[in-house]
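Reading through the structure tokens given below for one structure.
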Amino acid sequence: MAARRPGKNPPDGPTEDEVADFLARHPDFLNRRPELLRRLAPPSRFEEAPGDGAEIVDMQGFMVTRLQQDLARTRDSHDELIQSARSNLSSQALIHQAVLALLDARDFEELIHTVTHDLPLLLDVDASSLCIESDGTPASRTQGVYVLPVGAVDQALGPERRVLLRERAEDTERMFGPAAALVRSDALVRLTPNSHAPVALLALGSREGGRFHPGQGTELLAFMAEVLERCLRKWLNLPAA
Numbered sequence: 040m041a042a043r044r045p046g047k048n049p050p051d052g053p054t055e056d057e058v059a060d061f062l063a064r065h066p067d068f069l070n071r072r073p074e075l076l077r078r079l080a081p082p083s084r085f086e087e088a089p090g091d092g093a094e095i096v097d098m099q100g101f102m103v104t105r106l107q108q109d110l111a112r113t114r115d116s117h118d119e120l121i122q123s124a125r126s127n128l129s130s131q132a133l134i135h136q137a138v139l140a141l142l143d144a145r146d147f148e149e150l151i152h153t154v155t156h157d158l159p160l161l162l163d164v165d166a167s168s169l170c171i172e173s174d175g176t177p178a179s180r181t182q183g184v185y186v187l188p189v190g191a192v193d194q195a196l197g198p199e200r201r202v203l204l205r206e207r208a209e210d211t212e213r214m215f216g217p218a219a220a221l222v223r224s225d226a227l228v229r230l231t232p233n234s235h236a237p238v239a240l241l242a243l244g245s246r247e248g249g250r251f252h253p254g255q256g257t258e259l260l261a262f263m264a265e266v267l268e269r270c271l272r273k274w275l276n277l278p279a280a
């Protein structure tokens, strides 16, 4: 078999001149493909233009700037992740304290007192109330317990939704009573002790606008709601189903 003659092999890729010509015709190429900068070897820095007056672009400075920007974005993302993790741990600790307080209630009256008086302190909010749907029951005389018309919970949360976080609270008077004037942001949590009991609502309000917002997780509040439902069943002698 005859050997291939030197110089006849097909090129592996574009020549240096072709690459240079392409970059000259597409000066924004590296702006559109900045990831390639990480794979390039930076040139030496030039203090002066060459003798023919042609301008030499300081690619090293350009690449360093790009890398610094990438590093800053990475650092910001890292800081946000740490802050989010710390916030989640803090929220988890508050919910755990609240759940233990609910479980420690020795009777129904103490459970209601825990919900309406202790939860604001334990959860670092300004108001906490228990709202119960009814089609004719007179208004409750117990502070922090309010009666809602049938269907009000679905109207507020939407059908099937467990938790609603509102950055700007609305229609708060019937859920928070006298404390409504304080509430700027709230968390509304559906309570369904069983399929036969009236639908209820745990309402947590904060005077800080944006304290609750849709971007927050709802798993911890949903967990606390499940515990509260079990406590209600226990003290009201309700079946689980």
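Here my numbering is used: the first residue of the sequence shown is 40, the next is one more, and so on.
Using N, Cα and C, we set each Cβ at its ideal position, and we do this for glycine too.
Predicted model, so just to flag it, every value in this text is computed and none were measured.
Exercise. Is V222 helix, strand or coil when you go by DSSP?
Worked result: If DSSP states are grouped into helix, strand and coil, V222 belongs with coil.
For this session: Measure the alpha-carbon distance for L142 versus V266 and round it to whole angstroms.
Result: Cα-Cα distance, rounded: 8 Å.
Exercise. Just to confirm, are A264 and L241 a CB contact at a threshold of 8 Å?
Worked result: Contact: yes.
Exercise. Can L169 and V154 be called in contact, C-beta distance under 8 Å?
Worked result: Against a cut-off of 8 Å, the Cβ pair of V154 and L169 comes out as a contact.
For this session: Go ahead and label R205 buried or exposed: buried means 16 or more other beta carbons lie within 10 angstroms of its beta carbon, across all protein chains shown.
Result: That one is buried.
Problem set entry | Which of helix, strand or coil DSSP assigns to V186 | If DSSP states are grouped into helix, strand and coil, V186 belongs with the strands.
Exercise. Measuring CA to CA, which of D193, E149, L259 and E212 is closest to L162?
Worked result: Cα-wise, what sits closest to L162 is L259.
For this session: In angstroms with no decimal places, state the Cα-to-Cα distance between T282 and L275.
Result: Residue numbering for the chain in the displayed model covers 40 to 280; residue 282 lies beyond these limits and cannot be assessed.
Exercise. How big is the Cα-Cα spacing for T231 and G197?
Worked result: Our two residues, T231 and G197, have alpha carbons roughly 14 Å apart in a direct line.
Problem set entry | Inter-residue CB distance, A208 and V222 (contact presumed, cutoff 8 Å) | Indeed, because the Cβ distance is near 5 Å, the residues count as touching under 8 Å.
For this session: Please state whether DSSP places S234 in a helix, a strand or coil.
Result: Reduced to three states, the DSSP call for S234 is coil.
Exercise. With a Cβ-Cβ cutoff of 8 Å, do P278 and E172 count as a contact?
Worked result: No, the Cβ-Cβ distance between P278 and E172 is not below 8 Å.
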